[in-house]
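As they're listed, the protein sequences go chains A and B. For what it's worth, this note's numbering labels the leading residue of the first sequence as 1, then goes sequentially. For what it's worth, this note's numbering labels the leading residue of the second sequence as 1001, then goes sequentially. For glycine and all other residues, C-beta sits at the position ideal for the given N, C-alpha and C. One structure is given below, encoded as structure tokens.
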Amino acid sequence: MSALLAMIRRDLLLVMRRKSEVLTALFFFVVVTSLFPLGIGADAALLRKIAPGVLWVAALLSTLLGLHRMFAADYQDGSLEQLALSPQPLVLLVTGKIIAHWIVCGLPLVLLAPVIGIQFDLDASSLYVLMGTLFLGTPVLSLIGSIGAALTLGVRGGSVLLSLLILPLYIPVLIFGAGAVYANSVGLDSSGHFSLLGALLILALAFIPWVSSAAVKIAIE
Amino acid sequence: MLEARALTCVRGEKQLFSGLNLVVSGGECLHVRGENGVGKTSLLRLLTGLSKPESGEVLWNGLAISKESALYHRDLLFLGHRDALKEDLTALENLQLYAALEDIQLPEDKALAALRRFGLRGREHLPVNCLSAGQKRRVLMARMLTRQAKLWILDEPFNALDVHAVQALQGLIAEHMEQGGLVVMTSHQEVGLSQAKVLEL
């Protein structure tokens, strides 16, 4: 457990020393989501309707921007080998890296979402639902993304391949995440969507760290 | 005791070596020599367990390292070609974070003392990217001192070191062997350790 915390602390410290990389992804999210109201104009009904889809797609893309960084730097300077040779199980360390990635790339989206949502004229209950779905959904994005990040280590043109590999796997999260906000806005019950997102999160947490650490081991062999 | 039995290493289509046996026991140093591309680094990576041999096995204290990897990794320190230091962190932070990840108690004064022993006084709090290649290797020497591993596997540890640092590293390795530690290393230079066994690949 202490190794997990040490890993998270290390990755967060590294991010603090090089803030620009993280801020780009967040700024991307803010800019892309702000372009839609500007481009479409003041049609409040239309904006309300497209808000869940736009916000979720922007969240997917901005998560994708930061993904390749998850293991690439450690792979290049040899730290990943040292982590694999650490007495701690690699699964634990990989989980730590995924959590750190989520804190840096996922959590800020959850916190930014209500501010962005106002631009789309979302009401308070929709904003809560949006935040809730992002809170459950963004960890799944980081988890699934970690597989792609590990598999494309050392591959030339890896970041394009990473997008092609990972984006299709994000579809379920997108459907249930955006669906919950939409259902809530038309007065339907969104608890089913939340249950499914929660189930996805639990499933991803239970399996993906093992898959990713196996992929990391293959990459450094 | 580190033991390798009938190791065969294949890289791509080429067989680098086969049927390689070696035994290194406490207080011994094995110096692996050979031309470029003969498989020295590949052998070291097989010994660490980072890559798997085509056939044969590596045993640590009689246990196969593929089965008892956590136990083995606790006793092992591997330093490869790349320095594995985070450029944005200071030398001290690098040491402390590795200690935390490896679950070793490392009080700050001990880490500082290790860095100062290798001539990094006044540079403990500089980011590693401000250090020269040789100074980075000195940070690694401090890591060797603080890691408390029984087995050191070192790939070209004398690279980029000046005369004083070479002597310091030789002293460090000799000290480690006196304490019953094991060393396996590659080097193109003479290592200056009289007791070192030599393995020609």
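Ala1004/B sits in a strand when the DSSP states are folded into three classes. Straight-line measurement puts the Cα of Phe1158/B at about 20 Å from the Cα of Gly1027/B. One Cα belongs to His1081/B, the other to Ile1153/B, and the distance between them is close to 12 Å. What Phe1078/B touches in chain A, judged by beta-carbon distance under 9 Å, is Glu81, Gln82, Leu85, going in chain order.
Look at Thr133/A here: in three-state DSSP terms it is helix. Rounded to whole angstroms, the separation of the alpha carbons of Gly148/A and Leu205/A is 15 Å.
Apart from the 5 residues on each side of it in sequence, Gly106/A sits with its Cβ closer than 7 Å to the Cβ of Thr63, Thr138, Pro139, Leu141, Ser142 in its chain, given in chain order.
For a Cβ distance threshold of 8 Å, nothing in chain B lies close to Ala214/A: the least Cβ distance comes to about 13 Å. By the neighbour-count criterion, in which a residue is buried when 16 or more other Cβ atoms sit within 10 angstroms of its Cβ, Pro1107/B is exposed.
Contact check for Val1183/B and Met1177/B: beta-carbon distance about 6 Å, within the 8 Å limit, so the pair qualifies. Take the alpha-carbon of Leu1151/B and the one of Leu1047/B: they are about 11 Å apart. Here Gly179/A is buried, its C-beta having at least 16 other C-beta atoms within 10 Å. Contacts with chain B at 8 Å (Cβ-Cβ) do not include Gly41/A.
DSSP links Met1185/B through a beta bridge to His1031/B, Leu1154/B. With contacts defined as CB atoms closer than 8 Å, Leu1126/B and Arg10/A fail to qualify as a contacting pair. Within chain B, Lys1086, Asp1088, Leu1089 have C-beta atoms less than 9 Å from the C-beta of Leu14/A, given in sequence order.
Sequence-distant partners of Lys1086/B (beyond 5 residues in either direction) whose C-beta falls short of 7 Å from its own C-beta, in its chain, are Asn1094, Val1128. Per DSSP, Gln76/A is one residue of the alpha helix (DSSP H) stretching across 69-76. Taken atom to atom, the span from the alpha-carbon of Gln88/A to that of Pro209/A is near 14 Å.
Look at Gly1180/B here: in three-state DSSP terms it is coil, with no helix or strand label. Listed in chain order, the non-local C-beta contacts of Lys1197/B below 8 Å within the same chain comprise Val1024, Glu1028, Cys1029, Leu1030, His1031, local neighbours out to five positions each way being set aside. Think of a sphere of 9 Å around the beta carbon of Arg1082/B: the chain A residues whose beta carbon falls inside it are Gln76, Asp77, Gly78, Ser79, Glu81, in chain order. In this structure the stretch 99-118 of chain A does not lie against the stretch 1108-1116 of chain B, because fewer than three pairs of beta carbons, one per stretch, are closer than 8 Å. Residue pairing by DSSP places Lys1110/B in no beta bridge whatsoever. Think of a sphere of 9 Å around the beta carbon of Leu1126/B: no beta carbon from chain A falls inside it, the nearest being about 13 Å out.
Look at the beta carbons and you see the stretch 163-180 of chain A touching the stretch 128-136 of chain A: at least three pairs across the two are nearer than 8 Å.
At the C-beta level, Gly1039/B and Leu1016/B come within 8 Å of one another. For chain B, the residues of the stretch 86-99 of chain A that bring a beta carbon within less than 8 Å of one of its beta carbons are Ser86, Pro87, Gln88, Pro89, Leu93, in chain order. Boundaries around Phe1078/B are those of the beta strand (DSSP E), 1076-1079, since no alpha helix (DSSP H) includes it.
In the three-state reduction of the DSSP assignment, Ala1149/B falls in the coil class. Under the three-state reduction of DSSP, Thr1090/B is assigned to strand. For Trp1060/B, the enclosing beta strand (DSSP E) stretches over residues 1055-1060. Straight-line measurement puts the Cα of Gly96/A at about 20 Å from the Cα of Gly198/A.
For Glu81/A, there is no enclosing beta strand (DSSP E); the enclosing alpha helix (DSSP H) covers residues 79-84.
The Cβ of Ala6/A sits closer than 8 Å to at least one Cβ of chain B. The alpha-carbon of Ala219/A is positioned some 18 Å away from that of Phe1078/B.
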